[in-house]
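Below: the structure, in structure tokens.
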Amino acid sequence: MKYIIGIVVILAIVLVTVTIGANNDQMITFNYIVAKNELRLSTLVAILFGFGLILGWLITGFFYLKLRVKNIALNHRVKRQAKQIDELTLPKA
1 MKYIIGIVVI LAIVLVTVTI GANNDQMITF NYIVAKNELR LSTLVAILFG FGLILGWLIT
61 GFFYLKLRVK NIALNHRVKR QAKQIDELTL PKA
């Protein structure tokens, strides 16, 4: 299932890139804080799309790792509490 989703994502990215590149060949001046650069519109859109994709994956990965760490901590807590309950409920010989 993971491989199918990965293939679909890669195909979507390729499709978007080809569509953007085919239709936007106009030159524009892109001003950013430090300098200015002249790029084709398709290149600028592709760069911004890629940056957004990478940023989205990083943010998602951060929250995923945060949840995994919390899940591991909670599982340890449940095991410890289950052990304490067993110690309290078992009759002593």
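When we follow full-length UniProt numbering, the leftmost residue of the sequence shown carries the number 1, and every step to the right adds one. We treat Cβ as the ideally placed atom computed from N, Cα and C, and that holds for glycine.
Query raised in the report: Would you call the stretch 39–48 and the stretch 58–74 in contact, with 3 or more CB pairs under 8 Å?
Result: Between the stretch 39–48 and the stretch 58–74 there are fewer than three inter-stretch CB-CB distances shorter than 8 Å, so the stretches are not counted as touching.
Requested in this report: Leaving aside the five residues before and after residue 77 along the sequence, list all residues of the same chain whose C-beta is less than 7 Å from its C-beta, in chain order.
Outcome: So no residue of the chain qualifies.
Requested in this report: Would you please state the rounded distance, in angstroms, between the beta carbons of residue 30 and residue 37? I believe it to be under 8 Å.
Outcome: A Cβ-Cβ distance of about 5 Å is found for the pair residue 30 and residue 37, placing them in contact under the 8 Å criterion.
Query raised in the report: Would you report the Cα separation of residue 79 and residue 13, rounded to the nearest angstrom?
Result: Distance between the alpha carbons of residue 79 and residue 13 is about 44 Å.
Query - Span of the beta strand (DSSP E), counted from its first residue to its last, around residue 39 - result: Run containing residue 39: 36–40, per the beta strand (DSSP E) assignment.
Query raised in the report: Taking just the CA atoms, how far does residue 83 sit from residue 90?
Result: Residue 90 and residue 83: Cα-Cα distance of roughly 11 Å.
**Report entry** residue 49 versus residue 34: straight-line alpha-carbon distance, rounded
**Finding:** Roughly 21 Å separates the two Cα atoms.
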